[in-house]
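I have placed the structure first, in the form of structure tokens, so that the comments after it can refer back to it.
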Amino acid sequence: MDISLTELLLLGILAEKPQHGYHIEHLIEERGMRKWTEVGFSSIYYVLDRLEKKGLAAGAHTAGKAQKRYSITDKGMVILKEETKKRIEKRRPSNMHFMTGLAGSWLLESSELIDAFKNRRNEIKKDLQALQKKITENKNAPRSARELFSLSEALLKTEADWISAELRRIKK
Numbered sequence: 566m567d568i569s570l571t572e573l574l575l576l577g578i579l580a581e582k583p584q585h586g587y588h589i590e591h592l593i594e595e596r597g598m599r600k601w602t603e604v605g606f607s608s609i610y611y612v613l614d615r616l617e618k619k620g621l622a623a624g625a626h627t628a629g630k631a632q633k634r635y636s637i638t639d640k641g642m643v644i645l646k647e648e649t650k651k652r653i654e655k656r657r658p659s660n661m662h663f664m665t666g667l668a669g670s671w672l673l674e675s676s677e678l679i680d681a682f683k684n685r686r687n688e689i690k691k692d693l694q695a696l697q698k699k700i701t702e703n704k705n706a707p708r709s710a711r712e713l714f715s716l717s718e719a720l721l722k723t724e725a726d727w728i729s730a731e732l733r734r735i736k737k
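Counting from 566, one number per residue, gives the positions in the sequence shown under the numbering used here.
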């Protein structure tokens with residue numbers, strides 16, 4: 566079955582426990598997922614509807630409320646497990662925007678590239694501080710969230726170190 570990254574992400578959240586779309590948005594924000602996923606608040610309900618049509622999620626109106634509460638179906642759990650395993654095993658570009666920028670970096674003057682790298686490193690430092698705060702606040706988060714925090718922290722530190730090395734190389 567063809568399943569998008571956004572569908573997979575939302576299925577993973579639903580696998581934790583049944584959720585309203587609004588709470589899914591809250592979890593995406595709370596866990597800092599906006600830094601690496603492009604799911605927007607306005608698309609959450611659209612994606613949940615798609616999951617429901619595919620039989621991967623089921624929505625039910627909660628007592629006295631207009632909102633639907635979504636849960637993962639047995640079929641959804643099977644697909645989630647299969648796709649999760651595939652996504653972990655298969656290596657794909659994880660930083661496409663940055664790498665695309667680097668591919669065209671030859672067009673920039675050294676001073677422009679240095680400024681761009683410094684600005685990116687400053688952003689990384691801010692992101693790292695915010696992430697470390699989230700890690701502290703979410704010590705009891707599900708294992709998958711803690712793994713995402715840990716990997717994000719390692720990637721941010723590694724990228725900041727790489728940028729510093731590139732800046733030294735350019736300045737020579």
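We put the beta carbon where it would ideally sit given N, CA and C, even for glycine. Since this is a predicted model, take the numbers as computed values, not measurements.
Run of the alpha helix (DSSP H) containing glycine 586, from where it starts to where it stops: 586-595
Sequence-distant residues of its chain with Cβ nearer than 6 Å to glutamate 601 (five each side left out): The sequence shown places tryptophan at residue 601, rather than the glutamate named in the question. No residues qualify anywhere along the chain.
Minimum length 3: unbroken beta strand (DSSP E) runs contained in the segment 659-710: Restricted to the segment 659-710, not a single beta strand (DSSP E) segment is unbroken, complete and at least 3 residues in length.
Opposing strand residues paired with tyrosine 635 [DSSP bridges]: Gln584 and Gly624
Classification of glutamate 712 by the beta-carbon crowding that lies within 10 angstroms, buried from 16 upward: exposed
Whole-number beta carbon distance between isoleucine 644 and glutamate 621, since they are thought to touch under 8 Å: Note on identity: in this sequence residue 621 is leucine, with glutamate being the wrong assignment. 6 Å between Cβ atoms; contact.
DSSP state of threonine 571 mapped onto helix, strand, coil: Correct three-state label for threonine 571: helix.
Under the three-state DSSP convention, the category glutamate 718 falls into: In the three-state DSSP reduction, glutamate 718 falls in the helix class (H, G or I).
Of the listed residues Ser608, Tyr635 and His626, nearest to glutamate 512 (C-alpha basis): It is not possible to answer for residue 512, since the shown part of the chain is limited to 566 through 737.
Environment of threonine 701 [buried if 16+ CB atoms lie within 10 Å]: exposed
Buried or exposed by the 16-neighbour rule on C-beta atoms within 10 Å, applied to alanine 710: buried
Residue span of the alpha helix (DSSP H) that contains arginine 615, given as start and end: 606-618
The segment 681-694 touching the segment 716-723, judged by at least three CB pairs closer than 8 Å: yes
Nearest-angstrom Cα separation, counted from asparagine 687 out to isoleucine 593: 23 Å
Arginine 733, DSSP secondary structure in three states: helix
Rounded C-alpha distance that separates proline 583 from proline 658: 31 Å
Exposure label - phenylalanine 714; buried when at least 16 CB within 10 Å: buried
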